[in-house]
Amino acid sequence: MIINLTIRIVFALTAVALWLNVSMASEANHDEPSTWVQAAQSPLIPLKTSQHTQTQNAIIIGSINKRSTWYTDHNEFRGIEYFLATQFSQFANRPIELIAYPSLGELRDALQRGDIDVVAAGVNDQWIDTTSFVAGPNYRTVLPVIVTPRSSSPGIDEGTHSGIPAPSEIVVIDNGYSEHIARQHFQTAVRVDPQANMPVLVESVSRGIIDAAVIDLHAFQHVSMLYPDLQAHSIGGVTPNHTWLTSHRDPTLSAMIQQFFRDHLDYIALDNMMAAELPRITEFSEADARSFRFLMRARLPAFSQTIVAAAETVNLPTSLIAAVGFQESHWSANATSPTGVKGFMMLTQTTAAELGVVDRTNASASIFGGARYLRKLYNNLPDRLSYDNRIAFALASYNMGRSHLEDARILAQQNGYDPDRWDHVKPFVIMLEDPNIYASTKRGYARGRECATYVDNVLRYQALLDTTPYLVANSIQRHTRYAVAP
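Numbering-wise, our numbering comes out as the position in the sequence shown, counting from 1, plus 12.
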């Protein structure tokens with residue numbers, strides 16, 4: 013019996029080792045640089061705005077609150093422009109104040125009035141009035157694409173838009189250069205939608221509301237897994253870049269920005285950060301993608317404010333709480349399982365009682381209760397764990413219980429793997445279904461494969477929800493200064 017068990021474990025561990033080699037090789041290509049993670053940590057404390065400059069000698073940078081520039085995640089500032097601002101603050105040895113504006117138009121007006129010193133908001137270098145502004149060095153190449161429904165016609169030639177079925181109208185967001193590109197390269201009507209953002213335009217193309225949209229390839233990559241019915245066509249000969257803007261009033265600041273981008277900026281860290289931004293998601297089937305998008309429109313908006321409030325209360329990402337809700341109930345307050353768990357976050361009677369949730373079908377109570385429970389599981393894990401591993405372990409505990417997770421971590425450690433890494437522990441979670449292995453654990457059998465799938469699904473849904481306009485936290489207030497210390 014002992015020999016048989018040993019053979020089974022050795023065989024299983026061989027499979028684990030092969031799986032981990034592939035996983036770790038993949039991970040090595042996507043490691044998120046610690047430099048920007050550390051730089052991005054900042055309390056979300058707005059400064060008073062009664063004076064022009066609240067911090068002595070501060071450089072005031074205007075930006076836009078969106079994922080591609082400056083946003084909040086886990087109560088911390090993130091985004092490419094925030095990363096650049098922190099790096100520039102260190103280089104200049106001066107404090108930075110960031111102010112969010114709703115549009116590039118308002119940013120340009122604020123720079124002309126002297127309300128801000130720099131515009132850092134993904135400004136395109138091909139659409140700059142050099143008589144009014146000074147452009148800094150280029151730091152990011154943008155690849156514009158035209159997004160259309162997939163067709164049965166042959167594919168277009170690489171690097172050109174020839175062969176695209178001519179749309180009757182192309183819609184763009186109000187960023188200036190998308191309109192310029194659309195009018196320059198397509199002989200069709202172009203309409204600017206000042207209220208739209210890129211995810212909204214993609215959704216509109218998918219639903220047949222508009223024929224086509226010109227957006228950034230990077231933005232389309234964020235949501236493409238949800239839209240297998242769409243394709244992005246490259247627009248040949250167009251390679252705009254992002255740059256910072258200053259005014260002609262301050263040549264010293266302009267020269268400092270030139271030197272920063274030329275000599276100081278860690279472009280490898282910037283490239284790694286931009287690569288890490290892309291969601292790492294396995295493809296949806298078209299049916300699953302349509303279902304997810306339909307439920308985002310039909311159900312999520314009714315609960316979005318509660319989800320945002322609950323996430324902010326427990327200091328966890330809004331998209332994470334929403335992803336758990338989708339995995340548990342497909343955002344249904346009345347969901348019930350055969351095992352007796354019910355509600356939006358599918359709480360058991362025992363867990364609900366511990367959390368003080370009387371009515372599990374009350375959506376608000378369930379969302380806040382589930383969020384508190386997930387945070388409790390997160391807090392119960394050792395502080396030495398990385399954030400991503402801690403989240404994965406908390407999700408595993410939410411699904412199958414902390415005790416079973418500890419069994420899997422112990423098995424991983426006993427067999428020479430790191431119990432603090434989810435990718436090391438995950439195979440042992442799956443092994444908890446094997447009677448020859450779970451017999452030796454403290455808690456015995458667990459639905460390990462279901463748990464591993466659960467964690468994968470939630471993290472996938474979270475990555476998708478990070479792109480949705482339906483979950484908007486008001487952590488970054490418009491026209492409000494936030495300090496960035498060097």
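In this text, a Cβ means the ideal position worked out from N, Cα and C, and glycines have one as well.
From a predicted model like this one, the values you see are computed outputs, not experimental measurements.
Requested in this report: Look at P252 and N374 and say whether their C-beta atoms are less than 8 Å apart.
Outcome: Mapped onto the sequence shown, residue 252 falls at position 240. Mapped onto the sequence shown, residue 374 falls at position 362. No; because the gap between Cβ atoms is not below 8 Å, this pair is not in contact.
Report task. Evaluate the contact criterion for the stretch 379-386 versus the stretch 327-335: three or more CB pairs, one atom per stretch, below 8 Å. Result -> Segments in contact, yes.
Query raised in the report: alpha helix (DSSP H) containing W434: first to last residue?
Result: Numbered from 1 along the sequence shown, position 422 holds the residue referred to as residue 434. It spans W434 to M443 - the alpha helix (DSSP H) in which W434 sits, taken as one unbroken run.
Report task. Could you check the C-alpha separation between V353 and T360 for me, to the nearest Å? Result -> Taking the sequence shown and counting its residues from 1, the one referred to as residue 353 is at position 341. Taking the sequence shown and counting its residues from 1, the one referred to as residue 360 is at position 348. Cα to Cα, V353 sits roughly 5 Å from T360.
Query - Supposed contact pair A97 and I108 - C-beta distance, whole angstroms, cut 8 Å - result: Along the sequence shown, one-based indexing puts residue 108 at 96. Along the sequence shown, one-based indexing puts residue 97 at 85. Indeed they touch by this definition, with Cβ atoms about 5 Å apart.
Query raised in the report: Can V217 and V159 be called in contact, C-beta distance under 8 Å?
Result: Along the sequence shown, read from residue 1 onward, the residue named residue 217 stands at position 205. Along the sequence shown, read from residue 1 onward, the residue named residue 159 stands at position 147. Going by C-beta atoms, V217 is nearer than 8 Å to V159.
Report task. Would you identify the three-state DSSP class for I319, choosing helix, strand or coil? Result -> Here residue 319 refers to the residue found at position 307 of the sequence shown. If DSSP states are grouped into helix, strand and coil, I319 belongs with the helices.
Query raised in the report: Quick one, are the C-beta atoms of V184 and V214 less than 8 Å apart?
Result: In the sequence shown, counting from the first residue as 1, residue 184 sits at position 172. In the sequence shown, counting from the first residue as 1, residue 214 sits at position 202. Contact flag unset, no.
Report task. Kindly indicate which three-state DSSP category L367 falls into: helix, strand or coil? Result -> Residue 367 sits at position 355 when you count from the first residue of the sequence shown. In this structure, L367 counts as helix in the three-state DSSP scheme.
Query raised in the report: Taking C-beta to C-beta, are R162 and D223 nearer than 8 Å?
Result: For the purposes of this step, residue 162 is identified with residue 150 of the sequence shown, where counting begins at 1. For the purposes of this step, residue 223 is identified with residue 211 of the sequence shown, where counting begins at 1. Taking 8 Å as the Cβ cut-off, R162 and D223 do not qualify as a contacting pair.
Query raised in the report: By Cβ distance, which residues of its chain are closer than 6 Å to G74, with the 5 residues on each side in sequence left out?
Result: Walking along the sequence shown from the start, residue 74 turns up at place 62. Same-chain partners within the cutoff: I111, Y113, L119, A122, I128 and V131.
Query raised in the report: Could you give the distance in angstroms between the alpha-carbon of M358 and the alpha-carbon of R402?
Result: Mapped onto the sequence shown, residue 358 falls at position 346. Mapped onto the sequence shown, residue 402 falls at position 390. Roughly 21 Å separates the two Cα atoms.
Requested in this report: Return the bridge partner residues of S75 from the DSSP annotation.
Outcome: The residue given as residue 75 occupies position 63 in the sequence shown. Answer by DSSP bridge pairing, in chain order: A112.
Query - Span separating the alpha-carbon of S80 from that of L367 - result: The sequence position of residue 80 within the sequence shown is 68, counting from 1. The sequence position of residue 367 within the sequence shown is 355, counting from 1. Their backbone Cα atoms lie some 37 Å apart in a straight line.
Report task. Could you name the residues of the same chain whose beta carbon sits closer than 8 Å to that of Q270, not counting the 5 residues immediately before and after it, in chain order? Result -> Position 258 of the sequence shown, counted from the first residue, corresponds to residue 270. Counting only Cβ-Cβ distances below 8 Å, and skipping sequence neighbours, we find G148 and P149.
Query - Where the alpha helix (DSSP H) containing N411 begins and where it ends - result: Walking along the sequence shown from the start, residue 411 turns up at place 399. Y399 to M412 is the span of the alpha helix (DSSP H), which, as asked, contains N411.
Query raised in the report: What residues match up with P161 in a beta bridge as DSSP calls it?
Result: Within the sequence shown, numbered from 1, the residue matching residue 161 stands at position 149. DSSP lists L242 as partners of P161.
**Report entry** Best match in F103, Q102, I76 and I247 for proximity to G91 [C-alpha to C-alpha]
**Finding:** Sequence index remark: in the sequence shown, residue 91 carries index 79 (1-based). Per the Cα distances, I76.
Requested in this report: Determine which residues share a DSSP beta bridge with N392 and list them.
Outcome: Along the sequence shown, read from residue 1 onward, the residue named residue 392 stands at position 380. DSSP lists no partner for N392.
Query raised in the report: Out of F89, S115 and A70, which has the shortest C-alpha to C-alpha gap to R106?
Result: Looking up residue 106 in the sequence shown gives position 94. Nearest of F89, S115 and A70 to R106, Cα basis: A70.
Query - Euclidean distance between Cα positions of I72 and W343 - result: The residue given as residue 72 occupies position 60 in the sequence shown. The residue given as residue 343 occupies position 331 in the sequence shown. Near 41 Å, if we compare the C-alpha coordinates of W343 and I72.
Requested in this report: Go ahead and pull the three-state DSSP assignment for V353.
Outcome: Taking the sequence shown and counting its residues from 1, one reaches residue 353 at position 341. V353: coil per DSSP, three-state reduction.
Report task. Might you give, ordered along the chain, the residues of its own chain that have their beta carbon closer than 8 Å to the beta carbon of W434, omitting 5 neighbours on each side? Result -> Position 422 of the sequence shown, counted from the first residue, corresponds to residue 434. Answer for W434: D400, N401, A404, F405, A408 and V467, listed in chain order.
Query - For L257: DSSP bridge partner residues - result: Counting from 1 along the sequence shown, the entry for residue 257 is found at position 245. V131 and A147.
**Report entry** Minimum C-alpha distance to L386 - residue among Y410, R261 and D395
**Finding:** By 1-based counting over the sequence shown, the position of residue 386 is 374. Comparing Cα-Cα distances from L386 to each of Y410, R261 and D395, the minimum goes to Y410.
Query - Which listed residue (R396, L238 and G428) has its alpha carbon closest to that of E298 - result: As a first step, residue 298 is located in the sequence shown; it is residue number 286 there, counting from the start. Per the Cα distances, L238.
Requested in this report: Give me the Cα-Cα distance between K388 and T465, rounded to the nearest whole angstrom.
Outcome: Reading the sequence shown from its first residue, position 376 is the one you call residue 388. Reading the sequence shown from its first residue, position 453 is the one you call residue 465. Computed Cα separation, rounded: 22 Å.
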